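Everything below concerns the one structure shown next.
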Amino acid sequence: MMSPAHYLFLSLALFLIGCVGVVTRRNVIVVLMSIELILNAVNINLVLFSRIFGDAAGQVFALFIIADAAAEAAVGLGIIIAFFRNRETVLADEMDLLKW
Amino acid sequence: MLDSVLFYFFAGVAVISAALMVTRRNAIHSAVFLITTLLATAGIFLQLRAEFLFIAQIIIYVGGIMVLFIFVIMLVRLDVALHHIRFRMKNLVVTLVIAVLGAEAGAIIYYARKLPGQGLFIEKMAPAQNLAPNSEKLAQSLFSNYLLPFEIASVLLLVAMVGAVVMAKNKKGTEDS
Amino acid sequence: MNPTLHAVLDFLQTWWAELTCGVVIVAVVPLVAGYLVLMERKLMADMQARLGPMRVGPHGLLQPIADAVKLLIKEDIIPGESDKLIFWLAPVISMTAALTSMGAIAFGPSFQVARDINIGILFVLGVSSLGFLGIILGGWASNSHYSIIGALRSTAQLVSYETAGGLAIISGLLLSGTLSISGIVTAQQTQRVWFIFLAPVGFFIYLVASIAETNRAPFDLPEAESELVAGYMTEYSGFRWALYFLGEYANMIVVGSVATTLFLGGWLRPFPNVRWLNWLDVLPALIIALIGVYSVYRAGKQPVKIQTQFMWGVALACFAVALIYAVPWFVGPLKFVIPGLNGAFWFLLKVAAYIYVFMWVRFTLPRYRFDQLMHLGWYILIPLAIVNVFAVGVAMLIAANTNWNHAVVLLLATIVTTIATLVCAVFLVSWHDRRTESASTASLARDSYAG
Amino acid sequence: MGNALQDDALQNNSTLLGTDELVLNMGPQHPSTHGVLRVKLKLDGERVRGTECVIGYLHRGVEKIAENRTYQQVAPYVDRMDYVAAVSNGLGYCEAVEKLLNVEAPPRARVIRVILTELQRIASHLVWLGTHALDIGALTPLFYCMREREEILKIFEKYCGARLTTHAFRIGGLQYESYDGFEKDVERFCLDFERRIQEYVDLLTGNSIWIGRTRNVGVLNAADCIALGASGPILRAAGVKWDLRKAQPYAAYDQYKFEIPVGTNGDTYDRYMVRIEEMRQSRLICLQAIEKIPEGAIMGKVGKVIKPPAGEVYHSIEAPKGILGYYIVSDASTQPYRVRIRPPSFINLQALDKMVRGHLVADVVAIIGTLDIVLGEVDR
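This is how it looks when you write it as structure tokens:
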């Protein structure tokens, strides 16, 4: 049996990698993907605690997070497509105008 | 034994492909490695006896969200962006900060494990039978205690759907230009 | 003893049955897929007034093996500008997804890899839908316009028809009350009826959606030969192409199995609860033996000696299988395998019938255009599926709270669903027609990705 | 630094980016361009914004070759233009030269010419129907069509020994007398054929997918047809009742009763219906013709060496694909001074761009199919 700490370390590692991706990548789509990775890391924790306490609540919240991730991806990608139509770029540091 | 083999396998795959995802130039490669990470995480879920989440992860994340990502990457044809510099050097500082924070959190987890009776960590998990049959348990919880959040989540999805459609829709005027 | 070895032995002791099933699936399904191709070609030939493959082996029986050998030794071409890693990975994903999803399918009462997984049907659906990743990535990695259009089409098609198919499955799941595959079949046994009779609309929607999901005609747009050459497979050749092909046929088996499990009673023989029809249990052995007898009869008519010998081989194989089916009836301790063997026979027979419908449709109907495909999916199938789920739910509630007959209520619900949806469809179609008529011809073709 | 420059270049070049336009090269090696047609499609998503036909992959210079051959030697060459309707090509050429020579084929020859040409029309339409249905995704009609075409080709083979490029006619009449049982073969085929047509109609006409794929697809109205010079079933589907067999009767067509089917919308479905009906009418013509094949000679008064007087002639016939015209200039030698051919496919192909604009890629395939082009004829 693995100890809970193993799972926590895994979750931490994924979370950090996701954070690094968010702050370092220029490509907005990859930034969005990194955010998905972060959410995923959180999910591991929730499922782990649900397992520890033998209560389904953690899994319910993980499910909510998945739903949220889906919503976020849909809207985020919609914005990216709309942005790309106008500016023909998906690089984060070129998105520097509030209005065009 | 089997448990630990599976854990190390899934965890290794998840971490390595997550790292690859962040570092690949090609956005499609990134997406493929993210899919690998998500599948490995799904394996972790299965190991934690969360069968329903395992399959929800596969269906929603891999079959839905990632397909959407790949679709968009193909649509906006990112091969142009490939030639750009991958990282912004000025964010190296931020990365360092993240690394320090991560080390801290890791240390906390590591040492908290060694402190007896502090309550931060429970070494033993509840028996696996508590969560079986998984989908029924989950559904009961979802539709009794968490009914309102569930409804809110569905409204959120609806709003997101409408928003995405509005956002991505070609405006009539721009089509001809 | 060495602890590692001990652990391995322990592992094998616990999981031997699952491992065997898995190995059987991986070893047999490609062969079965090959013979499905032969079956398809023979059927097509029959419907088109010709003979089909006749050269390799008697009646072309060795054709799949010859094809496999040909594909294996063919030059493996990777386009120069392609993305090597993904080009290499994509067909593997396609094939793996199809084979993995078979893990949860119950081919017989005890023939199932993931036996006590209580999300069986979702597992099958979810994992088999991963095969589309292979298609999309393959289309992208080929770096060809035809491939990428094929891949984009398949993505849009996947999203539209998986929704309809999933909703159709819900009507079956509502009736069985479980997600576990063996649970679904058992529910059909205890309720004494196949769910196709209780939810015919659901079955019909699933049939259409599964044809679309497996990219078969008339929904084979991602690989429409006359438009996109071969769609996402255009740049593939040799064994990579064969992997795609195998994945596609394995997927057909998967969707056939899901439909069989949910709507056609899984491994149950017809009328499983009727006592005086128990003689049907002998039928599998008899049928296989009869095929053997027929092979002997055909063997005499083969023109070449080697073909006669091969036909004898086929006959002997049939007799051997028939013997396997027959022996447990006479050997007491082996009695327990009878349900398993018969279950597998009936299951595969039903799957074959389902796939036969696929092929029949393919040779009969022209291909939809992309916007028509989207129109059918979003305007007709998905509303129909939603109404159907609702009607089945309401009917089950009524049946549970009153003492009316379960089946009668469901039948009424079906009729209501059908009528309501037909009215909606007629309305929608006429509205659509009016709109297109008022529009000029130039703007006739609507935005195909608007769905 | 080279990279940065390249980046700028890439970014400024907006055609490389975005969802706006994609140029798709269809052919010359494409399963549904019916040979070696190459169409460059400008796509917006899957919608066609413009086309550019690239032809000439099958160019053999038939017209130029004709200037260096005697009149008889040219005849086999014209068979190779529209190779699915070789008999019609030969008929047009032979009649043009006969006009130049001012001789007429004897009545018997003319009737047999009508029979063979109408059989050829059926065969040509069958090839069209099969491939068109295959383009739209119906696999089975092709084999049914080929089965019936086989019967026709067998009749040709019995008649002149060749199946595809028959060279069935000679200048001045026929080379071969019809074989024993010719009438019987034709009659058997024609009587059987009505039932066969019904099979295609059962498979396609009422099929909602077929209707959806063809109705309102590639509409070409009468004015456009005339402006573009489109002829044959394409023109008739637009509602113009123009068939040279009636308008300027040649061979023996004035002796037979038949209808000219016309459509109303000029869309792909109408063209399909017109061609199906034309097959029925051709069958009726054949049945009428074999009733009474006049006895007599099969060759007119044409010498061994054909040396027409100096002058020029234009003769056109209604080939299966449309109006096939021959313009021949003679300088009173044994070889034509100039031969100019008006191939129906070549001229009908012009309509492609007008028909496909605004449609989807899938419709392009249907429209190329409905134009019924043969690249041998387009490229000559």
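Protein chains in written order, with the numbering used here: chain E, 509 to 608; chain F, 30 to 206; chain P, 13 to 463; chain V, 1475 to 1854.
Don't be surprised by glycine CBs; every beta carbon is placed ideally from N, CA and C.
Because the structure is a prediction, the values reported are computed rather than measured.
- Per DSSP, reduced to three states, the secondary structure at GLU1851(V) is helical.
- Comparing alpha carbon positions, the residue from ILE181(P), VAL369(P), LEU424(P) closest to LEU55(P) is VAL369(P).
- A residue is called buried when at least 16 other Cβ atoms come within 10 angstroms of its Cβ; PHE172(F) does not meet this threshold and is exposed.
- Boundaries around VAL1803(V) are those of the beta strand (DSSP E), 1796-1804, since no alpha helix (DSSP H) includes it.
- Beta bridge pairing from DSSP links HIS1789(V) with TYR1800(V).
- Shortest Cα-Cα distance from ASN1739(V) to any of VAL1748(V), PHE1732(V), ARG1669(V), ALA1763(V) involves VAL1748(V).
- Of the residues ASP1717(V), ARG1521(V), THR1679(V), LEU1498(V), the one whose Cα lies closest to the Cα of THR1742(V) is THR1679(V).
- Apart from sequence neighbours up to five positions away, the residues of its chain that approach PRO230(P) with a beta-carbon distance below 8 Å are ILE223, VAL373, ARG374, LEU377, PRO378, ARG379, TYR380, ordered along the chain.
- Proximity to PHE135(P) across HIS71(P), ILE336(P), VAL294(P), SER269(P) peaks at SER269(P), based on C-alpha coordinates.
- When DSSP states are grouped into helix, strand and coil, PRO1810(V) belongs to the strand group.
- Contacts between THR167(P) and chain F, judged by CB atoms closer than 7 Å, involve VAL96, PHE100 in chain order.
- Annotation for THR226(P): GLU260, ASN263, MET264, VAL267 place their beta carbon closer than 7 Å to its own, counting only its chain and skipping 5 residues before and after.
- THR433(P) counts as buried, since no fewer than 16 other beta carbons sit within 10 angstroms of its beta carbon.
- The three-state reading of DSSP puts LYS1516(V) in strand, counting E and B together.
- Between the alpha carbons of GLU1651(V) and HIS1641(V) lies a distance of about 14 Å.
- In the three-state reduction of the DSSP assignment, GLY132(P) falls in the helix class, which pools H, G and I.
- Among the residues of chain P, none has a CB under 8 Å from the CB of PHE179(F); the nearest is roughly 17 Å distant.
- In the three-state DSSP reduction, GLU1622(V) falls in the helix class (H, G or I).
- At a cut-off of 8 Å, the C-beta of MET103(F) has a neighbouring C-beta in chain P.
- The way I'd put it, the segment 1519-1536 of chain V doesn't touch the segment 1764-1784 of chain V; fewer than three beta-carbon pairs between them come closer than 8 Å.
- Distance check between LEU274(P) and each of GLY352(P), GLY304(P), SER194(P), ILE350(P) places SER194(P) closest, using alpha-carbon atoms only.
- For TYR391(P), the nearest beta carbon of chain V is not closer than 8 Å to its own beta carbon.
- The beta carbons of LYS1516(V) and VAL1522(V) sit about 7 Å from each other, so the pair counts as a contact at 8 Å.
- For PHE1617(V), the residues of chain P that pass the 7 Å Cβ criterion are GLN60, ALA61, ARG62, in the order they occur in the chain.
- The beta-carbon of ILE546(E) is placed no less than 8 Å from the nearest beta-carbon of chain F.
- Neighbours of GLY92(P) in chain F, taken as residues whose beta carbon is under 7 Å from its own, are absent, since the nearest beta carbon is some 15 Å off.
- Ranking GLY46(P), HIS18(P), THR320(P), LEU298(P) by CA distance to the CA of VAL81(P) puts GLY46(P) first.
- Residue environment: ALA61(P) is assigned as exposed (fewer than 16 neighbouring CB atoms within 10 Å of its CB, all protein chains considered).
- For LEU1496(V), the enclosing beta strand (DSSP E) has its first and last residue at 1496-1500.
- Nearest C-alpha to LYS1731(V) among LYS1715(V), GLY1737(V), CYS1760(V): CYS1760(V).
- Residue environment: ILE392(P) is assigned as buried (16 or more neighbouring CB atoms within 10 Å of its CB, all protein chains considered).
- Look at the segment 1680-1704 of chain V: the residues with a C-beta under 7 Å from a C-beta of chain P are ASN1681, ILE1683, TRP1684, GLY1686, ARG1687, ASN1690, VAL1693.
- The Cβ-Cβ distance between GLU247(P) and SER154(P) falls below 8 Å.
- Contiguous alpha helix (DSSP H) elements confined to the segment 535-584 of chain E occur at 536-561, taking only those with 4 or more residues.
- Those residues of the segment 358-390 of chain P placed with their C-beta closer than 8 Å to a C-beta in chain V are ARG374, PHE375, THR376, LEU377, PRO378, ARG379, TYR380, ARG381, PHE382, ASP383, GLN384, ordered along the chain.
- Neighbours of GLY138(P) in chain F, taken as residues whose beta carbon is under 7 Å from its own, are ILE84, ILE87, ILE88, GLY92 in chain order.
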